[in-house]
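Notes to accompany the following structure.
Protein chains: 2
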Amino acid sequence: MEATTSLIGRKWVPTILLTLDASPKRFGALKSEIADCSKKMLIQQLNLLLENNLVINIKTVDNNSTESTYMLSSMGQSLMPIVKSMRNWGNNNLACER
Amino acid sequence: MEATTSLIGRKWVPTILLTLDASPKRFGALKSEIADCSKKMLIQQLNLLLENNLVINIKTVDNNSTESTYMLSSMGQSLMPIVKSMRNWGNNNLACER
DNA sequence: CAGAATCCTATGTGATACTG
DNA sequence: CAGTATCACATAGGATTCTG
């Protein structure tokens, strides 16, 4: 329980998961979809998700730039129903106080 | 989404909800069931839950001491399936790294 | 018995500049 | 393009003491 909330309770993590759930994305695409999240935070939370095997990363070096693609792992996907039900519950029950 | 995680992402909150889900409890009973949580934290998180209408509090003054009973509201109960599924997911998928 | 107030520390978060 | 490093700040969490 504590471990679960220590993951999805972190800032930007649910947003990242929802964004990656739509489709795998390169780092830059993620960054522009979640513009309010700083680059450092985004990388930091992605690393957290990588360490916990919720997300998979594939790097390829084409010409002279780097391409880093992130996608949900099967474990990450297994969490999505919960994330989505949290979102729905919040929309139905919480005003925008906090 | 953010609002939801700002509630259940807080320390002790899921534990409190699960404990109250079993049955309504007086403050002292809660405190002893969740012994590791300091009194201040317990009160603080209970107030957070009260403000967000997840929990109901009833105070009565008998002899010369105060009795303060906490229980889940209907909104709090509506969140329990999610909390429990988070707990199950964590038990199934997370080692005890974090 | 419940709860509030105070203080202190750890951690999360954010802006910015730097590297390969 | 991705990722790292440094610094600086805000907030969460905990120990303790006080009040009705």
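These protein sequences, in sequence, are chains U and W. Residue numbering for the first sequence follows the working numbering, beginning at 1 and increasing consecutively. Residue numbering for the second sequence follows the working numbering, beginning at 101 and increasing consecutively. From the three backbone atoms N, C-alpha and C, an ideal C-beta is built for every residue, glycine too. Quick caveat, the model's predicted, so the values are computed rather than measured.
Neighbours of residue 185 (chain W) in chain U, taken as residues at a C-beta separation under 7 Å, are given in chain order as 82. Here residue 158 (chain W) is exposed: its Cβ has fewer than 16 other Cβ atoms, across all protein chains shown, within 10 Å. Taking 8 Å as the cut-off, the Cβ atoms of residue 53 (chain U) and residue 75 (chain U) count as close. At a cut-off of 8 Å, the C-beta of residue 119 (chain W) has no neighbouring C-beta in chain U. Taking residue 134 (chain W) as the centre and dropping the five residues before and after it, the same chain places the C-beta of 112, 115, 116, 119 and 142 closer than 8 Å to its C-beta, in chain order. Below 8 Å, too few C-beta pairs join the segment 76 to 86 of chain U and the segment 59 to 66 of chain U to call them touching: fewer than three. Under the Cβ criterion of 8 Å, residue 35 (chain U) is not counted among the residues facing chain W. Along the segment 160 to 172 of chain W, none of the residues has a CB nearer than 9 Å to a CB of chain U.
C-alpha of residue 73 (chain U) to C-alpha of residue 93 (chain U): approximately 30 Å in a straight line. Put simply, the CB of residue 124 (chain W) is far from chain U, with every gap to its CB atoms at 8 Å or more.
Look at residue 156 (chain W): its C-beta is not under 8 Å from any C-beta on chain U. Around the beta carbon of residue 105 (chain W), 16 or more other beta carbons lie within 10 angstroms, which makes this residue buried. In terms of Cα proximity to residue 126 (chain W), the closest of W:195, W:107 and W:146 is W:146.
Relative to the Cα of residue 151 (chain W), the nearest Cα in the group W:168, W:188 and W:107 belongs to W:107.
One alpha carbon belongs to residue 91 (chain U), the other to residue 38 (chain U), and they sit about 25 Å apart. Under DSSP, no beta-bridge partner is assigned to residue 111 (chain W). Residue 9 (chain U) is not a Cβ neighbour of residue 128 (chain W), given a cutoff of 8 Å.
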